[in-house]
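>
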Amino acid sequence: MSQNVALNLNLVEVYPQQYLDHIIAQVNSSIYSVYHPNCNDEKNKKNRSSAANFVSRVLLICGMICKPQIQIRILIQEMIACGWIEHNKFGIEDLIPGDVVVWEQDKSGNRHIGFVHENNLAVSFYGKKGYPILHELGFEDLLHGHNREIISRLTLVK
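In the working numbering, the protein residues as written are 442 to 599.
#1: Tell me where the alpha helix (DSSP H) around L578 begins and ends.
#2: Whole-angstrom Cβ separation of F556 and V496, contact assumed at under 8 Å?
#3: Would you check if there are 3 or more beta carbon pairs closer than 8 Å linking the region 586-596 to the region 529-549?
#4: When the Cα atoms are used, what is the spatial distance from L500 to I537?
#5: Out of G504, E519 and C503, which has the shortest C-alpha to C-alpha gap to Q510?
#6: Does the distance from the CB of L578 to the CB of V453 come in under 9 Å?
#7: Leaving out five residues before and five after Y567 in sequence, what residues of the same chain have Cβ atoms less than 6 Å from its Cβ?
#8: Whole angstroms are fine: how far does the CA of V564 sit from the CA of L461?
#9: Return yes when the Cβ of C503 is within less than 9 Å of the Cβ of A522, no when it is not.
#10: Sorted by chain position, which residues of the same chain lie with C-beta nearer than 8 Å to D535's C-beta, five sequence neighbours on each side aside?
#11: To the nearest angstrom, report how far apart I533 and I464 are at their CA atoms.
#12: Run through DSSP, which three-state label would V455 get?
#13: For N560, tell me which candidate among S549, G539, S470 and A466 has the shortest Cα-Cα distance.
#14: Can the beta-carbon of I526 be found closer than 9 Å to that of I554?
Structure below.
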């Protein structure tokens, strides 16, 4: 249910500084390690928080969505309902700090979601550590040993 954007839409060129500051302030913070209620993974309690949960909580706090989500697919639907546009065709040069990006599935079938920072960096929740980290946009999937490609970009319409 993604939309490719026509050139005449009035997309955000710069996100509010307060939003960008909030994203970067979460790096290495355990505030988002709170377990979400629909996960029963007793073995790996750290991994109960998800990247979608982290992204949705930041967007909710910043007034950019109406309710938090724990699944990427449902979060994207929520974002679109709240005025975000999903792009499937874009270049790395089109990304601006504050955009939300989705990375391709890993070998286990899991996609990943996070925020564009600056200088080809992103902020996303890293389940193994239990908190958000700053990493390269084309981050290496340490578990599966390859770089994951960005497959979707979400931007806010003014």
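No residue lacks a Cβ here, since even glycine has one placed at the ideal position from N, Cα and C.
On the basis of the coordinates in this document:
#1: Here L578 belongs to no alpha helix (DSSP H), and DSSP marks it neither H nor E.
#2: So it is a contact: roughly 7 Å between Cβ atoms.
#3: Touching, per the Cβ criterion.
#4: Spanning the two alpha carbons is a distance of roughly 16 Å.
#5: Closest by C-alpha distance to Q510, out of G504, E519 and C503, is E519.
#6: For L578 and V453, no; Cβs fall outside 9 Å.
#7: The beta carbon of Y567 sits closer than 6 Å to the beta carbons of I574 from its chain, once the five residues preceding and following it are set aside; these are given in chain order.
#8: Approximately 11 Å between the Cα atoms of the pair.
#9: Not closer than 9 Å, so no.
#10: Counting only Cβ-Cβ distances below 8 Å, and skipping sequence neighbours, we find H528 and R594.
#11: Looking at the two C-alpha atoms, the distance is approximately 20 Å.
#12: Of the three classes helix, strand and coil, the one that applies to V455 here is coil, per DSSP.
#13: With distances taken between Cα atoms, N560 lies closest to G539.
#14: No. Outside cutoff.
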